[in-house]
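The structure under discussion appears below in the form of structure tokens.
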DNA sequence: GTGGTCTAGACCACC
DNA sequence: GTGGTCTAGACCACG
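Protein chains in written order, with our numbering: chain A, 10 to 146; chain B, 10 to 146; chain C, 10 to 146; chain D, 10 to 146.
Below, the structure is given as structure tokens:
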């Protein structure tokens with residue numbers, strides 16, 4: 010599929026799944042109306058327990074991102090793309106805030122901090138270019 | 010004291026204590042050889058259970074940051090400052106990596122991401138200047 | 010299970026658990042990869058508090074003897090057997106050193122001391138033979 | 010004085026003091042009727058808290074090993090030597106038993122165990138000879 | 001079911 | 001007063 014679980018991440022696994030599904034919808038990797046992978050399939054792929062996937066999917070249904078298709082499975086709800094795009098910024102902002110707050114408390118030199126940040130941004134940029142060269146978004 | 014606990018943070022409380030003590034040592038807020046607050050005192054101040062502090066302090070002892078002074082309390086170990094300064098970068102780097110990895114996967118626009126980052130950096134810079142104006146490091 | 014707690018021993022209970030688990034791994038009573046008893050189970054069996062077991066298990070994880078199997082329990086880490094075998098000698102040596110140092114300071118007659126020692130060794134030998142007769146090592 | 014405190018020993022400090030005083034009496038290093046060091050003096054020498062010495066001395070008084078000499082201090086009680094000599098074996102035996110029991114449980118090879126023991130015995134023998142060459146007991 | 005964490009409250013040895 | 005240990009009982013995430 011389109012993402013992996015970071016077992017070292019403090020974020021709960023099902024939360025990671027929720028996030029990533031939302032991101033996929035926001036980025037149109039999952040189109041509205043499209044069927045998402047079955048619980049079993051995603052669980053196998055991510056090597057996590059099916060119950061964990063169930064939990065994530067339920068949360069996404071409750072949030073209006075997914076909608077059940079009788080006898081078929083779950084599909085991305087109509088209107089979910091827009092919603093997820095706006096949530097995306099919030100989610101990232103919230104995480105950024107926490108990390109930078111802690112970094113600020115650490116008393117680290119601002120220059121070093123900026124260097125760390127630039128390094129990360131560059132890594133993303135590199136990955137994006139590589140991705141674009143394969144198929145345009 | 011010199012920090013607070015974020016009860017909403019997914020990071021375990023004792024881990025937050027460990028982190029903050031390390032940061033304090035790294036930033037020379039706690040000097041080598043200096044006695045740290047007693048278990049009971051810190052617990053009272055942070056409004057957490059003494060056992061939680063005990064656990065953090067024990068971890069710091071195991072890590073060579075603190076050293077016991079028999080019947081008196083715990084003091085910052087000699088050589089801890091240097092160690093904590095290098096650990097500080099690692100800790101922040103690790104967190105950054107996680108957050109930026111997720112941000113990258115989110116497919117967010119690189120410009121928006123950079124804007125978010127700059128906002129955070131500016132906030133830290135502002136806080137630091139304010140701090141410097143009170144007493145120079 | 011394979012050991013008991015000596016509540017009169019000055020050694021902390023969780024340290025006794027750590028010790029005995031290491032010995033069990035060293036002696037191949039617990040094989041690498043094998044699941045160890047759950048926290049609750051061992052606590053029930055040894056009639057100690059689960060938290061005490063938690064503490065011991067955590068220490069063993071930190072020491073690389075145990076490794077978590079997500080959602081399943083804790084297993085003996087690969088490579089732990091060798092490590093525990095070498096630790097075993099160190100642990101016993103350290104205890105021996107203490108006792109014999111005190112014995113030496115006591116001014117006891119060397120002959121009497123040797124007699125005490127031989128008595129203990131004989132006891133162990135007897136027990137071992139008895140053990141071997143049940144199932145070969 | 011005639012002994013040191015092993016701060017790594019699991020035995021409580023005041024217990025170590027008690028033991029060592031008894032051993033000194035048993036070995037006639039402290040003769041019956043002889044004044045023992047004052048609380049302050051011993052505390053300073055062993056680098057322990059005077060209260061700890063007080064506690065040890067009280068225990069020795071309760072055990073009939075020491076007896077107060079009005080306005081002067083504490084002296085070795087008459088009859089203490091014999092008593093301490095018999096206690097000495099018991100004390101060492103008890104410790105030996107514990108250590109060897111634990112060693113037995115460890116499943117260590119009997120040959121290796123015996124080697125460890127012989128090493129310790131040899132160390133004591135060497136020390137004793139050296140001591141005898143200075144002044145005969 | 002599993003381990004991980006936290007709280008509350010107790011006792012001990014040592015200063 | 002200090003830290004060290006243990007118990008009892010609770011909640012959470014994960015399988």
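Built from N, CA and C at the ideal position, the CB exists for glycine as well.
- Per the coordinates, the alpha-carbon of residue 109(C) lies some 30 Å from the alpha-carbon of residue 38(C).
- Taking 9 Å as the cut-off between beta carbons, the residues of the stretch 95-115 of chain A near chain B are 97, 98, 100, 101, 102, 104, 105, 106, 107, 108, 109, 110, 111, 112, 113, 114 and 115, in sequence order.
- Look at residue 16(C): its C-beta is not under 8 Å from any C-beta on chain D.
- In this structure, residue 85(B) places its C-beta atom within 8 Å of the C-beta atom of residue 41(B).
- Interface residue (Cβ-Cβ distance to chain D less than 8 Å): residue 130(C) is classified as such.
- DSSP places residue 75(C) inside the beta strand (DSSP E), whose first and last residues are 75-78.
- By the beta-carbon neighbour count (other beta carbons within 10 angstroms, threshold 16), residue 81(B) is exposed.
- Along the stretch 29-40 of chain D, going in chain order, the ones with a CB nearer than 9 Å to a CB of chain C are 29, 31, 32, 33, 35, 36, 37 and 38.
- Fully contained in the stretch 54-103 of chain D are the following beta strand (DSSP E) runs of length 3 or more, in chain order: 75-78 and 82-85.
- Residue range 22-35 is occupied by the alpha helix (DSSP H) that includes residue 32(C).
- Put simply, the CB of residue 64(C) is far from chain D, with every gap to its CB atoms at 8 Å or more.
- Bridge partners of residue 125(D) according to DSSP: none are assigned.
- Contact between the stretch 117-136 of chain D and the stretch 120-135 of chain C is present, with at least three C-beta pairs closer than 8 Å.
- The alpha-carbon separation between residue 105(D) and residue 57(A) amounts to approximately 51 Å.
- Taken through DSSP and simplified to helix, strand or coil, residue 44(A) comes out as strand.
- Shown here, residue 13(B) sits in coil according to DSSP, grouped into three states, outside any helix or strand.
- Annotation: Cβ neighbours of residue 134(D) in chain C (cutoff 8 Å, chain order): 119.
- Under the Cβ distance rule, residue 137(A) counts among the residues neighbouring chain B, one pair being separated by less than 8 Å.
- Secondary structure of residue 120(B) (DSSP, three-state): helix.
- In chain order, 98, 101, 102 and 105 make up the part of chain A whose C-beta sits under 8 Å from the C-beta of residue 125(B).
- The beta carbon of residue 20(B) sits closer than 8 Å to some beta carbon of chain A.
- Residue nearest to residue 25(B) within the set 44(B), 46(B), 65(B) and 92(B) is 65(B) (criterion: CA-CA distance).
- In this structure, residue 89(C) places its C-beta atom within 8 Å of the C-beta atom of residue 34(C).
- In the three-state DSSP reduction, residue 142(C) falls in the helix class (H, G or I).
- Residue 97(B) places its beta carbon less than 8 Å from that of residue 32(B).
- Rounded to the nearest whole angstrom, the C-alpha separation of residue 125(D) and residue 107(A) is 55 Å.
- Contact annotation: residue 93(C) and residue 74(C) have beta-carbon atoms nearer than 8 Å.
- Here residue 16(C) has 22 as same chain residues with Cβ atoms under 8 Å from its own Cβ, once five neighbours each way along the sequence are excluded.
- Going by beta carbons, residue 83(A) and residue 45(A) fall inside the 8 Å limit.
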